[in-house]
Amino acid sequence: MKPTAKKTAFITGVSSGFGYLVTKMLLEKNYFVVGTIRGGEARGREVFADQVDKINDKSLVLIDAHLDQPASLLHCIELSIQLFPQGLDVLINNAGYGLLGPIEIQDEKQIRLQFETNFFAPLLIIQKLLPLIRKKQGRILNLSSLVGFNVFPFYGTYSASKHALDSITEALHYELSEFNVQVCAIEPGGFKTKFSPNSKIGSLEHPEEKIYAKRIKNFNTFLDYVQKKIEKDPLIVAGKIVELCEAPKIPVRVRVGAEAHLNWILKKITPDQWRIRIQDWLYKRFFF
Ligand SMILES: NC(=O)c1ccc[n+]([C@@H]2O[C@H](COP(=O)([O-])OP(=O)(O)OC[C@H]3O[C@@H](n4cnc5c(N)ncnc54)[C@H](OP(=O)(O)O)[C@@H]3O)[C@@H](O)[C@H]2O)c1
97 MKPTAKKTAF
107 ITGVSSGFGY
117 LVTKMLLEKN
127 YFVVGTIRGG
137 EARGREVFAD
147 QVDKINDKSL
157 VLIDAHLDQP
167 ASLLHCIELS
177 IQLFPQGLDV
187 LINNAGYGLL
197 GPIEIQDEKQ
207 IRLQFETNFF
217 APLLIIQKLL
227 PLIRKKQGRI
237 LNLSSLVGFN
247 VFPFYGTYSA
257 SKHALDSITE
267 ALHYELSEFN
277 VQVCAIEPGG
287 FKTKFSPNSK
297 IGSLEHPEEK
307 IYAKRIKNFN
317 TFLDYVQKKI
327 EKDPLIVAGK
337 IVELCEAPKI
347 PVRVRVGAEA
357 HLNWILKKIT
367 PDQWRIRIQD
377 WLYKRFFF
């Protein structure tokens, strides 16, 4: 078991993107990190080939977890609870992906899996690990998104899963501040991880797919543009997450990136009917 002096962190989805970078940064800060990864330690040893010493000395423990499979998720939580006998300083619900495209052609199973990963898994992990977090007066960081507070076409069900995560984050803040447990939703704009390449457009075999074909094509062109021209260095978000692990006092919502800030301002200062008109115009002009 790990020495008790080390700060402890549990993070989901460490194979790439923000999760991978944050894991490496926390290890540099001498944290004991438990990370979830589909493929378990075997894949973890490849991903963290330059951190094998940390895996060998058990500063980094990698647990296999498919967050959209309840049995795998529960097994992972049970293992994790045993790894933090002294309590948990930071829980980072990071893993997630985007099911994109028109709502009409997404099938129910795809939507449910999206919610399992992006909402129900973080919710269950929070419930089960809270006694350990309370013990350390620790904190919970949930990776939401700018679509966790604003709405875009073709991001509908992804956006709904992040709105749900955003909502429980704020509710937990009210419920847990009494115990000095802090909670934060991180709401980034676009950053260059595997998120965009891994994002899927729902069922292209759907009979109504053809009525959306032109807009899907234009949307894919838009996504390519976003990936090439707009997405920024993911180290910016990873650095912010690590800052939130360490800062004495943290806000309930943190936006990262220009698009997130612009969307927040639009949402806050514009009356709803005007905001929707403006967004209508922008989406027709730039998305489709
Ligand atoms: N990048 C952005 O622009 C952006 C913006 C706003 C919010 N976010 C959010 O940031 C978080 C991290 O994403 P990222 O940008 O770092 O993307 P990423 O590079 O694709 O990383 C996502 C991580 O989540 C894991 N994951 C996805 N589905 C899973 C499942 N069902 N079970 C277990 N693990 C799963 C992936 O594992 P595998 O390697 O096994 O697939 C990977 O480790 C996500 O919640 C995303 O919604 C990203």
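My numbering applies: residue 97 is where the sequence shown begins, and numbers increase by one. The beta-carbon is built from N, C-alpha and C at its ideal position, and this holds for glycine as well.
Integer Cβ distance of residue i from residue j, believed to fall under 8 Å
i, j, result
"Y193", "S295", "7 Å"
"L225", "L187", "6 Å"
"S111", "R139", "7 Å"
"I107", "N190", "6 Å"
"P249", "F383", "6 Å"
"K364", "N246", "Not confirmed; about 10 Å, so no contact."
"K288", "K328", "7 Å"
"L261", "S292", "20 Å between Cβ atoms; not a contact."
Residue i vs residue j beta-carbon contact at 7 Å
i, j, result
"F114", "P330", "yes"
"V350", "I264", "no"
"I222", "I236", "yes"
"G286", "I332", "no"
"N316", "S257", "no"
"F244", "D185", "According to the sequence displayed, residue 244 carries Gly and not Phe. For G244 and D185, no; Cβs fall outside 7 Å."
"C280", "L242", "no"
"L378", "I297", "no"
"L123", "K150", "yes"
"I201", "E266", "no"
"L228", "F180", "yes"
"T253", "Q210", "yes"
"D164", "E204", "no"
"V338", "M121", "yes"
"G183", "K125", "no"
Opening and closing residue of the beta strand (DSSP E) in which residue i lies
i, result
"A281", "Q278 to P284"
"R349", "R349 to V352"
"V129", "F128 to T132"
"V338", "Segment L331 to E342 is the alpha helix (DSSP H) holding V338; no beta strand (DSSP E) there."
"N397", "Outside the displayed range of the chain (97 to 384) lies residue 397, so it cannot be described from this structure."
"L156", "L156 to I159"
"I236", "R235 to L239"
Where the alpha helix (DSSP H) through residue i begins and ends
i, result
"T213", "Careful: T213 lies outside any alpha helix (DSSP H) and carries neither H nor E."
"F114", "G113 to E124"
"A101", "Looking at the DSSP string, A101 is not in any alpha helix (DSSP H), and its letter there is neither H nor E."
"T317", "E305 to Y321"
"L272", "G252 to L272"
"I374", "D368 to F382"
"N190", "Per DSSP, N190 belongs to no alpha helix (DSSP H) and is neither H nor E."
"L184", "Where L184 is concerned, there is no enclosing alpha helix (DSSP H), given that its DSSP letter is neither H nor E."
"S292", "F291 to N294"
"G136", "G136 to V143"
"P164", "Position check: residue 164 holds Asp in this sequence, whereas Pro was assumed. D164 -> no alpha helix (DSSP H), and no H or E assigned at all."
"I151", "V148 to N152"
Any chain D beta carbon closer than 7 Å to residue i
i, result
"Y116", "Absence of chain D from the displayed structure is noted, only one protein chain being present."
| request: Give a yes or no on contact between the stretch 169-180 and the stretch 235-250, applying the rule of three or more CB pairs nearer than 8 Å. | output: no
| task | Count the CB pairs spanning the stretch 143-160 and the stretch 121-132 that are closer than 8 Å, and state whether there are at least three. | result | yes
| request: Spell out a yes or no on whether the stretch 307-324 and the stretch 360-378 are touching, meaning 3 or more CB-CB pairs, one atom from each, closer than 8 Å. | output: no
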